[in-house]
Ligand SMILES: Nc1ncnc2c1ncn2[C@@H]1O[C@H](COP(=O)(O)OP(=O)(O)O)[C@@H](O)[C@H]1O
Ligand SMILES: [Mg+2]
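Protein chains in written order, with full-length UniProt numbering: chain S, 1 to 419; chain B, 1 to 246.
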């Protein structure tokens, strides 16, 4: 009987402290319920923000990579820095053959790129002329889907597709004539060609719609007097491969003359913006955790003040201050546990809806990029669990202060009512 | 075998042999200072023997609660000393003092004695649970004490479902069940009607006689005080009278 006495002593004492904590939280059911609601709603807000930000990031990346960029691009070394049309990829046949051999690359679109003057009978505007292979381009970018009027490139001479806003600027419509002037490679002689507006497109993105025009690849090569292409946009099997620098494709297409970069490297603004968006989850969480803390501290103090006499009695009859401290922490833990359970349940419902229905922001343009697809929430289970545990931790931490207060109460409070 | 006195643990045997349970030496307790100085207790020298049934009487504000708090280690004296079972309790601190109170002193207060979320049985068990007494032993003692205080059948009621008198009986049971050296009761009948109060006190007296349990209680009710075997009278914090009756 005396052998296990000390540990037995601890066990039964812990059991009664736990029992007291469990029952105490249901004493003022309404207050507990309101507190649980506050915490669980905060958790829902945090989880929603997390899922929303993930959804938004993925939508934005998807939009920018799938609209025109591709997951990666091949250029001649130095082209991106200088935009010098002389720096084109020469032995294209060889490169295409290697692309065909690379499993991770699903499709590719060769492009010739040059600044140009476009003049109609009414107006003049500068634009970037892209020479593309209509068939291949359709497999990489959304150009074909972006057509709003006329026909997509068929490969015929003098076809040109204009951004809708550019067409407005030039005051041209389908079938109208347009002269494109460029300076040729290898010396810079001016070269001109006559086109007929064969189609209008809109990517729903201002810079693209008022500054881009597309012509057929071979005609662009003729116009610029080059035999290669400036850019090969790549569509990989999946987005994650753009991050995976161990894939052979990065070695194959980064040589003395070729430079191959992923979308993050091509548009560093986008990836830094995404990093900032993820930062916003953190800020939202911190604000809500602070609110949860304050709310819970308030509740716990109210509940402790109501029970001062009772705590005085508990202390008077031999409860150690440490045991009272633990009782209050346990009360916080149980409130946290209830809140997290409810919060996860509510978050599941909200996110299930948001992941399937999607949230439509089609009219909102962010930093020049239109979200022309609804945002579907993305639930990341690990991060859900992390935040649920963090909430639980926060509720227990928030109770440290009230618990310390309770543990310091004087047992003579038990007699206060007698004074 | 069924009386609590026979279950005494060895550690209490010392105090059983030496008859003195409590000794106070020049005990003083002052509150505040300067103009607001209150001398709640002045120079109290008392000795309480094992098995005594003592009333501390005096008008409101005379220092009864203060004296009981000092004896029970709920408050520290301004000067002087308290010895309980020959131990200086005013020198103990923290959980040492908590454990000493748990094992040596039973408390009964005027009201709100019980933990509302625990049943009568659980309230009585509480101290034994802190002490780590086995379930079997707990069950045995609870049955015995419930019978002794006349509350059989009410084990599972919460305090709110008990009358004031029943609640105080549970408090007496809780104080006694851990077999302390002494039970301190601060106006235990003050919240009861006079008939119930007298019944409670008669019950305490019976337990005192049957089990030789030491009781010290305060009161200002003449009908209650006349049941005591010893009366200590306080006026303005001073012991003015100490009378043993038979
Ligand atoms: N914590 C305290 N602070 C200040 N004065 C106190 C405190 N406790 C008791 N007193 C004062 O000490 C005196 C004795 O009080 P108390 O022992 O409660 O008397 P009784 O219990 O006999 O009514 C009273 O004047 C009371 O106001
Ligand atoms: Mg009093």
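Ideal Cβ positions, reconstructed from N, Cα and C, are used throughout, including at glycine.
Query	Result
Quick one: give me the first and last residue of the alpha helix (DSSP H) that residue 257 of chain S is part of.	Element bounds for residue 257 of chain S: n/a, residue is neither H nor E.
If you measure between the beta carbons of residue 210 of chain B and residue 178 of chain B, is that distance less than 8 Å?	no
Are the beta-carbon atoms of residue 125 of chain S and residue 202 of chain S separated by less than 8 Å?	no
Taking residue 174 of chain S as the reference, which of S:404, S:199, S:396 has the closest Cα?	S:199
What residues in its chain sit with their C-beta under 6 Å from that of residue 49 of chain S, if we drop five residues either side in the sequence?	281, 284
Closer than 7 Å: is that where the CB of residue 38 of chain B sits relative to any heavy atom of ligand 1?	yes
When DSSP labels each residue in this structure, what does residue 131 of chain S get in the three-state scheme?	strand
Tell me whether residue 78 of chain B, by its Cβ, gets closer than 7 Å to a heavy atom of ligand 1.	no
Using a Cβ-Cβ distance under 8 Å, would residue 38 of chain B count as near chain S?	no
Any Cβ of chain S within less than 8 Å of the Cβ of residue 208 of chain B?	no
Quick test of the definition: if touching needs 3 or more C-beta pairs under 8 Å, does the segment 10 to 19 of chain S touch the segment 245 to 254 of chain S?	no
Can you tell me whether residue 235 of chain B is buried or exposed, with buried defined as 16 or more other CB within 10 angstroms of its CB?	exposed
Tell me whether the segment 184 to 199 of chain B and the segment 23 to 40 of chain B touch, counting them as touching only if at least three CB pairs, one residue from each stretch, are closer than 8 Å.	no
How about residue 167 of chain B: is its C-beta nearer than 8 Å to some C-beta of chain S?	no
Per DSSP, which one or two residues make a beta bridge with residue 24 of chain B?	B:46, B:82
Of all Cβ atoms in chain S, is any one closer than 8 Å to the Cβ of residue 132 of chain B?	yes
Straight-line CA distance for residue 156 of chain B to residue 52 of chain B?	33 Å
Checking 8 Å against the spacing of the C-beta atoms, do residue 84 of chain B and residue 22 of chain B come in under that value?	yes
I'd like the ranges of any alpha helix (DSSP H) spanning at least 4 consecutive residues and lying wholly in the segment 333 to 412 of chain S.	381 to 398, 400 to 407
Measuring from the CB of residue 137 of chain B, is there a heavy atom of ligand 2 at a distance below 7 Å?	no
Straight-line CA distance for residue 241 of chain S to residue 262 of chain S?	9 Å
Going along the chain, which residues of its own chain have a beta-carbon closer than 6 Å to the beta-carbon of residue 56 of chain S, five neighbours each way excluded?	375
Closer than 9 Å between beta carbons: that is the criterion. Which residues of the segment 116 to 129 of chain B meet it against chain S?	116, 117, 118, 122, 125, 126, 127, 128, 129
Run through chain B and tell me which residues come within less than 9 Å of residue 313 of chain S, C-beta to C-beta.	107, 109, 112, 113, 114, 115
Listing by chain order, which chain S residues have their CB less than 8 Å from the CB of residue 98 of chain B?	315, 318, 319, 320, 321
Would a check of beta-carbon distances place residue 193 of chain B closer than 8 Å to chain S?	no
Contact defined as beta carbons within less than 8 Å: I believe residue 336 of chain S pairs with residue 39 of chain S. What is the distance between those atoms, to the nearest angstrom?	7 Å
Using a beta-carbon distance cut-off of less than 8 Å, what residues from the segment 67 to 79 of chain B approach chain S?	68, 69, 72, 74, 75
Is it the case that the CB of residue 65 of chain B approaches a heavy atom of ligand 2 more closely than 7 Å?	yes
The beta strand (DSSP E) with residue 195 of chain S in it runs from where to where?	190 to 201
Cβ closer than 7 Å: which chain S residues qualify as neighbours of residue 62 of chain B?	Result: empty, since nearest Cβ-Cβ is about 12 Å, beyond 7 Å.
Distance cutoff 8 Å, beta carbons only. Does residue 9 of chain S sit that close to anything in chain B?	yes
What does residue 20 of chain S touch in chain B if you count any residue whose Cβ is under 8 Å from its own?	115, 117, 118
Specify, as a first and last residue, the run of the alpha helix (DSSP H) that residue 106 of chain S falls within.	Here residue 106 of chain S belongs to no alpha helix (DSSP H); instead the beta strand (DSSP E) covers 105 to 119.
Residue 95 of chain B touches chain D at which residues, Cβ-Cβ below 8 Å?	Included in the structure are the protein chains S and B, with no chain D among them.
Measuring straight from C-alpha to C-alpha, what distance separates residue 349 of chain S and residue 32 of chain S?	23 Å
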